[in-house]
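Protein chains in written order, with the working numbering: chain C, 1 to 230; chain B, 1001 to 1249; chain V, 2001 to 2061.
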Amino acid sequence: MSEGHLRGRQVFFSIIKRDLMLAFRTPGQVVNPVAFYLMVASLFPLGIAPDKALLSQLAGGIVWIGALLAVLLSLDSLFRSDQEDGSLDQLLLSPHPLPLLALAKVAAHWLATGLALILTAPLLALMLHLPTQAFPALMLSLLLGTPLMSLVGGIGAALTVRVQRGGVLLTLLSLPLYVPVLIFGTGAVQSAVDGMEYTGHLLWLGALLMTGLCLAPLAIAASLRVVVDG
Amino acid sequence: MNWTFFHKLGSPKWFYHLSGKWLPWLGTLAALSMIAGLVWGLLFAPPDYLQGNSYRIIFLHVPTAFLASAVYLMMAGAAVVTLVWKVKLADVALQCMAPIGSSFCLLALITGAIWGKPTWGTWWVWDARLTSMLILLFLYFGVIALRGAIRSATTAAKACAVLTLVGVVNIPIIKFSVEWWNTLHQGATLTLTEKPAMAVQMLWPLLISILGFYLFFGAVLVLRMRIEILNRERRTRWVQKLVADEMGV
Amino acid sequence: MYFQDVSSLLHMDGHGLYVWPTYGIGLLIIAYNVLAPLRHRKQVISQIKRQIQDVRRRGVE
């Protein structure tokens, strides 16, 4: 293993690099959430009606909820593979602060999945007839919301990492916490659709994201210590 | 300051014996106030000017709604004690409060929904209070589900404590965002659970009901905690002696 | 009592349909909160009793 004393920043980026390499080595990890996103969003016109007027009213909510569900589904992979091959224990033994390492893992997770979802969103918005003036609001709200969802979801992922088939439990734990993110995200899109100001909503999302960036890594680290050390 | 009292308080055995003496009184008091408040409200209080007799559901709805939120806050308190001071009894309290609190939350939702039908014409209305209460129910389910999913008792205790605290931090954020979402979509209409100034003949039974339900919560919590203590401490000598004495051998 | 007789008590000017089932459900949940722990208590006590009996039997043998 490495001889020299690594600084926190180097560890941070090396974890991100490692996780991204692993993620792209199994392309499913990146592609599946996007495919799921497309499919779930397509279910709505199929299940409700292909009526353009109706869809354009619902489009903001559908694109957002689809992204939320796709993030939830991909969260299981945040710690599970590390748990299975033992690197999670190594992570906990590291001299570097665990919240920093947790933040690195969440950042890698967002780069691998959240970012891909954001890039897919315009396609879905088009298919669901979202009015064009709402596109910037959609992209910005997702840009702020998806990392927040990765952060908050990371807490549930940490708590359930040792639970057999903990995927559903993870979604159960995370969904109530996602409600404010959803409300402000779709609020921004809806405001834009109505031609009104949406910066307020984005600022709220930003504030939540800042809080999440500060507190979620601490909660994730605490959860990991509780669950792994027992 | 006599700290021995606090140390004793954390001892399951001492708690078991002390609570055994007080539980009958607590239970009787709870039953009396609950019956008094509910019977008064149901049978003796005058009907509401606007809502007629359906408002009588308030004597069930308000106490249970109060308790649903209060119990979660108490759970958060117990969670802090569990994580910081590692008091086992605090975790017993945390485990036992969750099913009681969630049953009250469920009852608050059901009573709110049924009340909605004669008042607003629908079985469910997405107003801020009911929606927040629904999400609170989901938070309760999460803690209960996590407890059941983790095998090791000590791990489960700490994990549930962490989850409860994460939930309690989020509750104000959730409440705020739901209220804000609600005003966007419904405008400034009177919500289902908003209480206009109440006549004295309605306020008294309500207050007595609230007191009764809080006492009931206390009694049922102590009951559950005693049983959970027996369950967890079953290998200790005092529990074995207690059960053996009950066997009469 | 506000109500004149039992039938008006049950009917409550048409709202009885809502009030009484609500109180019924309330009663069920209150009962659950009392009965569930008692049933659990019986389970726990019987488990411990069985455990004591096993120990004694093994001690005798």
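No residue lacks a Cβ here, since even glycine has one placed at the ideal position from N, Cα and C. Keep in mind that this is a model prediction, so the values were computed, not measured.
CB-CB length for residue i against residue j, believed under 8 Å
i       : j       : result
B:T1155 : B:A1076 : 19 Å between Cβ atoms; not a contact.
B:S1054 : V:V2019 : 6 Å
C:A59   : C:A137  : Contact flag wrong, Cβ pair sits at about 12 Å.
B:V1220 : V:N2033 : 5 Å
B:L1274 : B:L1026 : Limits of chain B in this structure are 1001 at one end and 1249 at the other, which puts residue 1274 of chain B out of reach.
C:V40   : C:L128  : About 12 Å separates the two Cβ atoms, so there is no contact after all.
B:M1247 : V:K2042 : Between V:K2042 and B:M1247 the Cβ distance is about 14 Å, and since that is not below 8 Å, they are no contact.
C:V71   : C:M149  : 5 Å
B:D1091 : B:A1157 : 4 Å
Coarse secondary structure for residue i, derived from DSSP in three states
i       : result
C:G166  : coil
C:D194  : coil
B:G1052 : strand
V:Y2002 : coil
B:M1198 : coil
B:R1224 : helix
B:K1008 : helix
B:E1179 : helix
C:T120  : helix
B:W1022 : helix
C:T186  : helix
C:A222  : helix
B:V1092 : helix
V:L2009 : helix
B:T1122 : coil
B:P1046 : coil
B:E1233 : coil
C:I48   : coil
B:K1086 : coil
C:D82   : helix
V:L2035 : helix
B:T1189 : Because the pLDDT of B:T1189 is 46, which lies under 50, any placement of that residue in the model is unreliable, and the number read from its coordinates should be weighed accordingly. Looking at B:T1189 - three-state DSSP - the assignment turns out to be coil, as it is neither helix nor strand.
C:M1    : Residue placement at C:M1 is flagged as unreliable, the pLDDT there being 49, under the threshold of 50; a coordinate-derived value is accordingly withheld.
C:D229  : helix
V:V2055 : helix
C:R7    : coil
Contact set between residue i and chain B, taken where Cβ atoms lie within less than 7 Å
i       : result
C:A222  : V1162
V:G2024 : Near V:G2024 there are no residues of chain B at all, since even the closest Cβ is about 11 Å away, more than 7 Å.
V:D2013 : G1052, N1053
V:V2006 : Those do not exist, as V:V2006 stays about 11 Å from chain B at its closest Cβ, beyond 7 Å.
V:V2034 : V1220
V:V2019 : N1053, S1054, R1056, I1057
C:L98   : Simply none; closest approach about 14 Å.
C:V227  : T1155, A1159
Top-ranked residue by Cα proximity to residue i, from the options
i       : options                            : result
B:A1098 : B:V1039, B:S1069, B:F1015          : B:S1069
B:V1143 : C:T160, C:N32, C:I15               : C:T160
C:P99   : C:F135, C:D19, C:L43, C:L215       : C:L215
B:T1236 : B:K1008, B:T1004, B:P1012          : B:P1012
C:V226  : B:A1036, B:A1113, B:V1084, B:L1106 : B:V1084
B:V1243 : V:Q2053, V:I2029, V:H2015, V:M2001 : V:Q2053
C:G153  : B:I1150, B:A1161, B:V1166, B:R1151 : B:V1166
B:L1139 : B:F1217, B:I1171, B:D1127          : B:I1171
C:D51   : C:T113, C:V11, C:L130              : C:L130
B:H1061 : B:K1086, B:R1232, B:C1105          : B:C1105
B:L1184 : C:V11, C:F44, C:M196               : C:M196
B:L1107 : V:Y2002, V:L2027, V:R2057, V:R2056 : V:L2027
C:I220  : C:L92, C:I16, C:M139, C:L6         : C:L92
8 Å Cβ cut-off: residues of chain V touching residue i
i       : result
B:I1227 : P2037, H2040, R2041, V2044
Beta-carbon neighbours of residue i, restricted to chain C and to distances below 8 Å
i       : result
B:W1181 : I183, G187
B:L1042 : Going along chain C, no residue has its Cβ under 8 Å from B:L1042, so there is no contact; the nearest lies around 34 Å.
B:N1170 : P176, L177, P180
B:F1141 : L172
Cross-chain neighbours of residue i in chain B, by beta carbon under 9 Å
i      : result
C:A157 : Residues of chain B passing the Cβ test: none, with the nearest at roughly 12 Å.
Neighbouring residues, chain C, relative to residue i (Cβ below 7 Å)
i       : result
B:L1203 : Simply none; closest approach about 33 Å.
Residue i CB to nearest heavy atom of the ligand GDP below 8 Å
i      : result
C:T186 : Ligands displayed in this structure: none; no statement on the ligand GDP is therefore possible.
Contact list for residue i against chain B, beta-carbon separation under 8 Å
i     : result
C:G47 : In chain order: nothing, as chain B lies at least about 20 Å away.
Residue i: contacting residues in chain V (beta-carbon distance under 9 Å)
i       : result
B:I1110 : T2022, I2025, G2026, I2029
B:V1239 : I2048
Contacts that residue i makes with chain C (C-beta to C-beta distance below 9 Å)
i       : result
B:A1244 : Going along chain C, no residue has its Cβ under 9 Å from B:A1244, so there is no contact; the nearest lies around 33 Å.
Can we say the region 104 to 117 of chain C touches the region 165 to 181 of chain C, given the rule of at least three CB pairs closer than 8 Å? no
Would the region 59 to 79 of chain C and the region 148 to 164 of chain C be scored as touching if the rule is three or more Cβ pairs under 8 Å? yes
Stretch-stretch touch, CB-based, cutoff 8 Å, three pairs: the region 185 to 197 of chain C with the region 162 to 169 of chain C: no
Stretch pair the region 112 to 129 of chain C + the region 22 to 40 of chain C: three plus CB contacts closer than 8 Å: yes
Check whether the region 88 to 99 of chain C touches the region 42 to 59 of chain C, taking contact to mean three or more Cβ pairs, one atom from each stretch, closer than 8 Å. no
Report yes or no: do the region 2026 to 2045 of chain V and the region 1221 to 1231 of chain B share at least 3 C-beta pairs separated by less than 8 Å? yes
Just checking, does the region 200 to 216 of chain C make contact with the region 143 to 152 of chain C on the three C-beta pairs under 8 Å criterion? yes
Three or more C-beta pairs under 8 Å: does that hold for the region 1034 to 1044 of chain B against the region 1109 to 1121 of chain B? With a cut-off of 8 Å, the region 1109 to 1121 of chain B and the region 1034 to 1044 of chain B do not count as touching, because too few Cβ pairs lie within range.
Give a yes or no on contact between the region 82 to 93 of chain C and the region 187 to 197 of chain C, applying the rule of three or more CB pairs nearer than 8 Å. no
Stretch pair the region 1010 to 1024 of chain B + the region 1169 to 1181 of chain B: three plus CB contacts closer than 8 Å: In the pairwise beta carbon analysis, the region 1010 to 1024 of chain B is classified as not touching the region 1169 to 1181 of chain B: fewer than three pairs are separated by under 8 Å.
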